[in-house]
Structures are given as structure tokens and as C-alpha cells.
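Participant: This is the structure, below, for whatever I ask next.
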Amino acid sequence: MRLLTILLLLLSGPITAAWAQPPLAPLWRQQYFPTQFPDVSTVVKCTTGGYVLIGFYGPNQTSATSKVRLVRTNHQGDTTWTKQFSTSLSSLALSTELPDFKIHAAEDAQGAVVVAASNGVIKCSALGDTLWTRRFSFTASTPSLIQPSEIFVAPDGNYVMTYTEHTARLGQAVTHQAIKLSANSGQTIWSQDLLPLSVSPFRFRNCLAQRAGGYALLVAEHATFPNKLLLISEAGSAMSKPLPQVLDQGAFLMHSSPDGTVVLAGHRGAARLAATGDTIWTRLTTSSFTPLRYLQFINEDSQGNIILTSFYEYIGQGTRTQDQYITRFNRTGRVVDSRRLLPTKPRNTRANACVFPTSTGSYVIGGNLDELTLMEVQSWAPLSQQPALNGKAQHALQVYPNPATGPAVSVTLPAVAEEGQLQLLDSFGRILWQQNSAGGKAVNVPLTQLPSGLYLLQYNTPHGKWVGRMARP
6 MRLLTILLLL LSGPITAAWA QPPLAPLWRQ QYFPTQFPDV STVVKCTTGG
56 YVLIGFYGPN QTSATSKVRL VRTNHQGDTT WTKQFSTSLS SLALSTELPD
106 FKIHAAEDAQ GAVVVAASNG VIKCSALGDT LWTRRFSFTA STPSLIQPSE
156 IFVAPDGNYV MTYTEHTARL GQAVTHQAIK LSANSGQTIW SQDLLPLSVS
206 PFRFRNCLAQ RAGGYALLVA EHATFPNKLL LISEAGSAMS KPLPQVLDQG
256 AFLMHSSPDG TVVLAGHRGA ARLAATGDTI WTRLTTSSFT PLRYLQFINE
306 DSQGNIILTS FYEYIGQGTR TQDQYITRFN RTGRVVDSRR LLPTKPRNTR
356 ANACVFPTST GSYVIGGNLD ELTLMEVQSW APLSQQPALN GKAQHALQVY
406 PNPATGPAVS VTLPAVAEEG QLQLLDSFGR ILWQQNSAGG KAVNVPLTQL
456 PSGLYLLQYN TPHGKWVGRM ARP
């Protein structure tokens, strides 16, 4: 079976090159809690620089309790602080019943980190101190497991997420809900039943992304059932939206683009959706992308290129061997290339890698790569040197405070030689305010009588475009 799989890979195009080439050599690599292997993990890139790594460690031979561990690092992976929390979550359910289960996290404007795990949510301060915990209640009479989606900071500073409740060991979906939690206490502000799901087998996956004006949820029940797209408002109401054929089946990951659109990529192709759910573009991939079975993490660089991590797994004779990949799509959804991140080797747990493009064109990779790991790898092809959207590069714009509760925000402009134009736009792309300004300084943007919502700030120059998202509670 292993030989047949290898032969198929050798005949499959771009993935052949990824498998045949040596793994990427890290510029630096840091490992945390050596010889201890998390069941699942995630990584948050902090707005103040550095990263927070979160790992879930189930019961094992040395510990009868489950733990959630947080590591705060600087931009090169040096540890700033570590924290540990005990949890009653069973790792058995994770490893045998819901192999696609993940944990998710987000950082708010104060640097606090909120973590959505199987049966609850934990909020920690910027120093790692516990601010509150929230346990989910069950609707089923039999033991259940909560499978969370991504969690986001809403424009008003509170948190929005979706979750599915599964009857333990049966893969039976009991309920599927969107929920908004108070940032101060974790209590429910609103909850909304989303879909009358009756059966969702083990490969059930939901993906949530933030869009201008609300959220987009992609629900994949099973390979034989069509995917569903739901648009969720900031108030919790939901409406369905038709999907193009490239997205109607198969597994996908979703990414919240800085311009308020949503990017999807997966086994069958890629797409970009407007905030209204309408399709901007779609692109089918060849069958050569299919061997990347387990999708893990999606991100986007400053030019709109899509970066996706995944792995392919071989199981046989009591061993589990994995190849970890990073795949890149260009800004119109064409698969450019794939490369192996790590040498092929037996894994103690299923690997999980989050990817973050840097300003120099390299990638910071973090997550469960056996031990909880953070490393930087150099870009292996000039993808980051392609002309950007509209022929101009796109970069992140610094906005403070955010969420914006006062009469104005301060926008730090990049140090560029020529004068540019700073614009404030609403979720429909309408210009609400603009001003010409030289780079290298902070500009106050007035927000008088600006209603609550999600807004974009753009600084357009001959050298490129800088974009920042701003929330108005």
C-alpha cells in the first residue's frame, strides 16, 4: 500500500516535486516542553510582535489530567512567559472520534488571548494570567463533545465563534450554533441555531471567517453532501448563500482578508468571496493537490498570495508516518508549488502547523510538530516578489486604539519617500474620509458620528498600499 501511494505521488505533478525535494531548512527553530507531545495546537501572531503558542496535552503515562499550555515568545521564538491550565477534556475523544478537531485562539486590542477548546473558552491577559473561563453546557442526554470553530474579536470588542455538539463516540451532531461571548465575563450575549444538522460523520468540518459586516461560515457535512455557506451578521442573524461548484464539496479552509473579503482554499481549488458572499473568482486545482488530505491552516501574504499548510499520512503495521507540506496559491488561486516542511518520520501525534508570512518574504511556522515548535523558514521561490494586486504591494497599517471607542484614532504611516493618500472606508468600500499626507508620521483620523461597525483604513502611495482593519464598538 505504501509503495502504491508513492507511485501515485510520483505521477501526480507538483506534489511530486514537493515529495522529492528535501525539506526546508529552518533559519531558527525553538521547541517548548521537550519530549511532551500535544494532541492539538494553534498559534496566534501578536500585534505587538511575537507569538502565542497554545497546546492541548491529554492524559498520558506521567499525568492523569489534561492540560492547556500557553507560551508567549518574541519574534524569534525566545520564551517570554509560559502558563499551564488543567482541564477535564478527554484526549481519547480527540484522537479516535474527531480527528479533525482543533483548538482556536484570537488576540484582542489589549493583547489578551482567548482560547476556544473542546468544552469551553479561556481568556488570558497579555501576561498569561487567567481572566475568566467559560464552560459549555450540553443539550444531549448522552456524553457529548463540543467542536469549536475559529473565534474572532467582534467590532465591539466581544467574541464571536461557532461550535457543533457531537454525541460522544457516534459522530452524531446534536446542535450547531453561533455564539457571542462578553469580553469581560465570557457570558453569552446572544446565541443562534444555525442548521438542522441530523448526521455529521467524523469528517465534519466547519470553518468560520470574519468578513466586512459580519462572518462567513462554511459547513461541510460529508463528502456525499453539498457544503453550505452561511452569512452571519454582527447581531447573530444568519442567511444561506449559494456556493459555486468548486466549493460545493470537499474540505476547505477559510481566511479573513484585510480588505473584508474571504479566501477559501482546499482539495478542489480556491476562491475569493466578497463580503456579501458573492464570488469574486474561483479556480479548480488539478488532481495532484488531492494527496494533501488533512488541511491545517491558511493565511495570506501582503500581496494576496494564499499560503496553506497540510499533511499526508501513511498508516500501516502499527506505525503512523506523515509528510508535512506548505502549499502556495497565487492571488488568483492557481497552485504555484508545494514543499515539504519536515523530514518524513513517524509522528507521536498528528502534526499541526500554522504559517505566518513575514515582511522579508520568509515564513514563521508554529504548532504541533511532535513537540510544540516555532521556526522560521526562508521562502524558496520568488513568489513574494510577484507584482502585487493592482501592481502595488500591500502591507499592514498600524491603527490605535483598536477597537476605536473615542472621537479619533491614530494611524502610523510608513516611512515612504513620496506623499500618499490616507482613506477611511466602510464595509461597502465607500470613502468616508480622506487626506493627503507624507509618510513616516502618525495621523489622527476623526471618527465623530461614525456608527458601530467594521471599517478599513488605506494608505495609497506610488510604492504600494497599506491596509488596516478598524472596529468601532
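Numbering of the sequence shown is given in the working numbering, commencing with residue 6 and proceeding in unit increments.
Ideal placement from N, C-alpha and C gives every residue a C-beta, glycine not left out.
Predicted model, so just to flag it, every value in this text is computed and none were measured.
1) Given a threshold of 16 other Cβ atoms within 10 Å of its Cβ, counted over all protein chains shown, does L418 qualify as buried or as exposed?
2) Are G133 and L75 closer than 8 angstroms when you measure CB to CB?
3) Just to confirm my understanding: we take N211, look at its own chain, exclude 5 residues before and 5 after, and list those with CB closer than 8 angstroms. What are they?
4) So the beta strand (DSSP E) Q254 belongs to, where does it begin and stop?
5) In three-state terms, what does DSSP make of T466?
6) Whole angstroms are fine: how far does the CA of N441 sit from the CA of I108?
7) Just how far apart, CA to CA, sit G473 and S415?
8) Taking A358 as the reference, which of Y464, L346, L269 and A240 has the closest Cα?
9) H80 lies in the beta strand (DSSP E); which residues open and close that run?
10) According to DSSP, is P408 helix, strand or coil?
11) Roughly how far, in whole angstroms, is the beta-carbon of F316 from the beta-carbon of D328, given that I think they are within contact range, below 8 angstroms?
12) Tell me which residue opens and which closes the beta strand (DSSP E) that A1 is part of.
13) Considering Cα atoms alone, identify which of G469, A121 and L269 is closest to G191.
14) Which two residues bound the contiguous beta strand (DSSP E) that contains T365?
15) Beta strand (DSSP E) containing K128: first to last residue?
16) Cβ of Y62 within 8 angstroms of Cβ of K50?
17) Checking the sheet assignment: what are the DSSP bridge partners for L235?
18) Rounding to the nearest angstrom, what Cα-Cα distance links E423 and W33 in this structure?
19) Just checking, does the region 35-42 make contact with the region 360-369 on the three C-beta pairs under 8 angstroms criterion?
20) Quick one: what's D328 bridged to in DSSP?
21) Give every residue of the same chain whose Cβ lies closer than 6 angstroms to the Cβ of I285, excluding the five residues on either side of it in the sequence, and list them in chain order.
22) Out of curiosity, what's the CA-to-CA distance linking L269 and T47?
23) From I127 to Q89, what distance separates their C-alpha atoms?
24) Mind reading off the beta-carbon distance from R339 to R288? Whole number of angstroms is fine, and I expect it under 8 angstroms.
25) Quick check on DSSP: helix, strand or coil for Q250?
26) For T284, which residues does DSSP report across the bridge?
27) Less than 8 angstroms between the beta carbons of I311 and A275, yes or no?
28) Relative to the alpha-carbon of D113, which residue among F302, N189 and I436 has its alpha-carbon at the smallest distance?
29) Under the three-state reduction of DSSP, which class applies to G309: helix, strand or coil?
30) Nearest to P456 by alpha carbon, out of V448, P160 and E381?
31) What residue range is occupied by the uninterrupted beta strand (DSSP E) comprising S196?
32) Taking its Cβ as the centre, do 16 or more other Cβ atoms sit within 10 Å of N79, making it buried, or is it exposed?
33) In whole angstroms, what is the alpha-carbon distance linking Y460 and N407?
34) Please report the Cβ distance between L252 and N232, rounded to the nearest whole angstrom; I am assuming they are in contact, meaning their Cβ atoms lie under 8 angstroms.
35) Can you give me the Cβ contacts of T53 inside the same chain, cut-off strictly under 7 angstroms, excluding the 5 residues immediately before and after it?
Facilitator: In short, the structure shows the following:
1) Counting from 1 along the sequence shown, the entry for residue 418 is found at position 413. It counts as buried.
2) By one-based count along the sequence shown, residue 133 stands at place 128. By one-based count along the sequence shown, residue 75 stands at place 70. Judged by beta-carbon spacing, L75 lies within the 8 angstroms limit of G133, meaning their Cβ atoms are closer than that value.
3) Working through the sequence shown from its first residue, we reach residue 211 at position 206. If we look at N211 and ignore the five residues flanking it on each side, its Cβ neighbours are Q152, S154, T167, T169, H181, L222, L223, V224 and A225.
4) Here residue 254 refers to the residue found at position 249 of the sequence shown. Note, Q254: premise wrong, no beta strand (DSSP E); not H, not E.
5) Taking the first residue of the sequence shown as position 1, residue 466 is located at position 461. Shown here, T466 sits in a strand according to DSSP, grouped into three states.
6) Numbered from 1 along the sequence shown, position 103 holds the residue referred to as residue 108. Numbered from 1 along the sequence shown, position 436 holds the residue referred to as residue 441. Approximately 43 angstroms between the Cα atoms of the pair.
7) In the sequence shown, residue 473 corresponds to position 468, counting from 1. In the sequence shown, residue 415 corresponds to position 410, counting from 1. Each residue's Cα considered, the two are about 12 angstroms apart.
8) Working through the sequence shown from its first residue, we reach residue 358 at position 353. Among Y464, L346, L269 and A240, the Cα nearest to that of A358 belongs to L346.
9) Within the sequence shown, numbered from 1, the residue matching residue 80 stands at position 75. Per DSSP, H80 is not a residue of any beta strand (DSSP E), being assigned neither H nor E.
10) Reading the sequence shown from its first residue, position 403 is the one you call residue 408. P408: coil per DSSP, three-state reduction.
11) Position 311 of the sequence shown, counting from 1, holds the residue named residue 316. Position 323 of the sequence shown, counting from 1, holds the residue named residue 328. Taking the Cβ atoms as the reference, F316 lies roughly 6 angstroms from D328, within the contact range of under 8 angstroms.
12) Because the chain is modelled from 6 through 478, residue 1 falls outside the range shown and cannot be assessed.
13) Residue mapping note: residue 191 aligns to position 186 of the sequence shown, counting from 1. The shortest Cα separation from G191 among G469, A121 and L269 belongs to A121.
14) For this step, residue 365 is matched to residue 360 along the sequence shown. That residue, T365, is in no beta strand (DSSP E); it is neither H nor E in DSSP.
15) The residue you call residue 128 lines up with position 123 of the sequence shown. G125 to C129 is the span of the beta strand (DSSP E), which, as asked, contains K128.
16) Working through the sequence shown from its first residue, we reach residue 62 at position 57. Working through the sequence shown from its first residue, we reach residue 50 at position 45. Not in contact: Y62 and K50 (Cβ atoms no closer than 8 angstroms).
17) Your numbering for residue 235 matches position 230 in the sequence shown. Paired residues: L222 and S245.
18) In the sequence shown, residue 423 corresponds to position 418, counting from 1. In the sequence shown, residue 33 corresponds to position 28, counting from 1. Going from the Cα of E423 to the Cα of W33 covers about 36 angstroms.
19) With a cut-off of 8 angstroms, the region 360-369 and the region 35-42 do not count as touching, because too few Cβ pairs lie within range.
20) Within the sequence shown, residue 328 is the residue found at index 323, counting from 1. The beta-bridge partner set that DSSP reports for D328 consists of Y317.
21) Counted from its first residue, the sequence shown places residue 285 at position 280. If we look at I285 and ignore the five residues flanking it on each side, its Cβ neighbours are R277 and A279.
22) Sequence index remark: in the sequence shown, residue 269 carries index 264 (1-based). Sequence index remark: in the sequence shown, residue 47 carries index 42 (1-based). A straight-line Cα-Cα distance of about 19 angstroms links L269 and T47.
23) Taking the sequence shown and counting its residues from 1, the one referred to as residue 127 is at position 122. Taking the sequence shown and counting its residues from 1, the one referred to as residue 89 is at position 84. Counting only the Cα atoms, Q89 lies some 11 angstroms from I127.
24) For the purposes of this step, residue 339 is taken as residue 334 along the sequence shown, with counting starting at 1. For the purposes of this step, residue 288 is taken as residue 283 along the sequence shown, with counting starting at 1. Correct: roughly 6 angstroms between the Cβ atoms.
25) In the sequence shown, residue 250 corresponds to position 245, counting from 1. Looking at Q250 - three-state DSSP - the assignment turns out to be helix.
26) As a first step, residue 284 is located in the sequence shown; it is residue number 279 there, counting from the start. Note: T284 sits in a beta bridge opposite L278.
27) The residue given as residue 311 occupies position 306 in the sequence shown. The residue given as residue 275 occupies position 270 in the sequence shown. A contact, by the Cβ cut-off of 8 angstroms.
28) Translated into positions along the sequence shown, residue 113 becomes position 108. Measuring from the Cα of D113, the nearest candidate turns out to be N189.
29) Stepping through the sequence shown from its first residue, residue 309 is reached at position 304. Reduced to three states, the DSSP call for G309 is coil.
30) The residue you call residue 456 lines up with position 451 of the sequence shown. Cα-wise, what sits closest to P456 is P160.
31) Along the sequence shown, read from residue 1 onward, the residue named residue 196 stands at position 191. Taken as a continuous stretch (DSSP letters only), the beta strand (DSSP E) holding S196 covers T193 to D198.
32) The residue given as residue 79 occupies position 74 in the sequence shown. Residue environment analysis places N79 among the exposed positions, since fewer than 16 neighbouring C-beta atoms fall within 10 angstroms of its C-beta.
33) What you label residue 460 is simply residue 455 of the sequence shown in a count that begins at 1. What you label residue 407 is simply residue 402 of the sequence shown in a count that begins at 1. Between Y460 and N407, the C-alpha separation is close to 11 angstroms.
34) Taking the sequence shown and counting its residues from 1, one reaches residue 252 at position 247. Taking the sequence shown and counting its residues from 1, one reaches residue 232 at position 227. Indeed, because the Cβ distance is near 6 angstroms, the residues count as touching under 8 angstroms.
35) Locating residue 53 in the sequence shown gives position 48, counting from the first residue. Closer than 7 angstroms at the Cβ level, and outside the excluded window around T53, lie G116.
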